[in-house]
Amino acid sequence: DGGITQSPKYLFRKEGQNVTLSCEQNLNHDAMYWYRQDPGQGLRLIYYSQIVNDFQKGDIAEGYSVSREKKESFPLTVTSAQKNPTAFYLCASWFSGSELYGYTFGSGTRLTVV
Amino acid sequence: AQSVTQLDSQVPVFEEAPVELRCNYSSSVSVYLFWYVQYPNQGLQLLLKYLSGSTLVKGINGFEAEFNKSQTSFHLRKPSVHISDTAEYFCAVTFTGTASKLTFGTGTRLQVTL
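If you read the sequences in order, they're chains D and P.
Residue numbers for the first sequence follow my numbering, so the first one is 1 and each next one is one higher.
Residue numbers for the second sequence follow my numbering, so the first one is 115 and each next one is one higher.
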């Protein structure tokens, strides 16, 4: 079945380290997104990419970086500049069509700073 | 900027009772509207969407929502809830002109008890 795979499911980071979260999709969707989820704050957009080799900052891009070298992959790096990285990270891809407008989400990565 | 307000952060309800989760959005242009459900430590699953046409939209798991343009609302309803409906529910909106960039509300925690 097609879908979005996020790995790892749980990730622990030490202070000052960069970590990379993986997001892979086999849906042939053009657009991909990274959201951060904190309790009581809903989902906030970090970065998004609508085509390969192009991406845009979302609402909270500081301390994060992304790449989009392949259509299927959109990894997110949480850098040491991100002061409060502990959160639940969700990757999504977007499809359009008369009956299928909407996002497909991965199952998420929970990042904890130790 | 577009925005979504979910007025209730938590909604407790007894099993088999009806429930309504409220969602209001701000927009002066046409919108697409969505409801998503999230179970603990999982991604988001699309419940239903409004793109155009009939203002009463039916989704999965017996949920429905009504689009009210004059009140800029898209409330989610279910006539009889089950314990398995306990989850976080998110309302989301995108302007038709900006296509895939979704803005989410802060979520409503539905707690169903016996």
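Think of the CB as a built atom: it goes at the ideal place given N, C-alpha and C, for glycine as much as any other residue.
In this text the structure is predicted, and so the values were computed from the model without any measurement.
Setting aside the 5 residues that flank it on each side, D/VAL113 is surrounded in the same chain by ARG13, GLU15, PRO85 and THR86, each with a C-beta closer than 7 Å to its C-beta; the list follows chain order.
The beta carbon of P/SER194 sits closer than 8 Å to those of GLU130, ALA131, PRO132 and GLY176, all from its chain and outside the five residues before and after it, given in chain order.
Contact between the region 3–12 of chain D and the region 43–58 of chain D is absent, with fewer than three C-beta pairs closer than 8 Å.
Cβ proximity to chain P below 7 Å picks out ALA31, GLY40, GLN41, GLY42 and LEU43 from the region 25–43 of chain D. Inside the region 26–103 of chain D, DSSP marks whole beta strand (DSSP E) runs of 3 or more residues at positions 31–37, 43–51, 54–57, 64–66, 76–78 and 87–95, from first to last along the chain. Under the three-state reduction of DSSP, P/ASN138 is assigned to strand. P/GLN156 has its alpha-carbon roughly 15 Å from the corresponding atom of D/TRP34. Within 8 Å of the CB of P/TYR139, no CB atom of chain D is found; the nearest one sits about 13 Å away. It is roughly 31 Å from the alpha-carbon of P/VAL151 to the alpha-carbon of D/GLU69. Across the set D/MET32, D/GLY42 and D/GLN37, the C-alpha of D/MET32 shows the shortest separation from the C-alpha of D/LYS57. Taking the Cα positions, D/VAL19 is about 37 Å away from P/LEU135.
Around the Cβ of D/ALA81, a 10 Å sphere holds fewer than 16 other Cβ atoms; the residue is exposed.
Take P/ASN138, set aside five residues on each side of it, and the residues of its chain with a beta-carbon closer than 6 Å to its own are THR119, THR186 and SER187, in chain order.
Of the candidates D/ILE51, D/ASP59, D/SER96 and D/SER67, the residue whose Cα lies closest to the Cα of D/GLN37 is D/ASP59. Note: P/PHE204 is bridge-paired with P/TYR150 in the DSSP secondary-structure output. Around the beta-carbon of D/GLN25, 16 or more other beta-carbon atoms lie within 10 Å, marking it buried. Contacts between P/GLN156 and chain D, judged by CB atoms closer than 8 Å, involve SER107 and GLY108 in chain order. Pairing D/ASP30 with D/GLU62, the inter-Cα distance amounts to about 24 Å.
Taking a beta-carbon distance threshold of 8 Å, P/PHE148 counts as an interface residue toward chain D.
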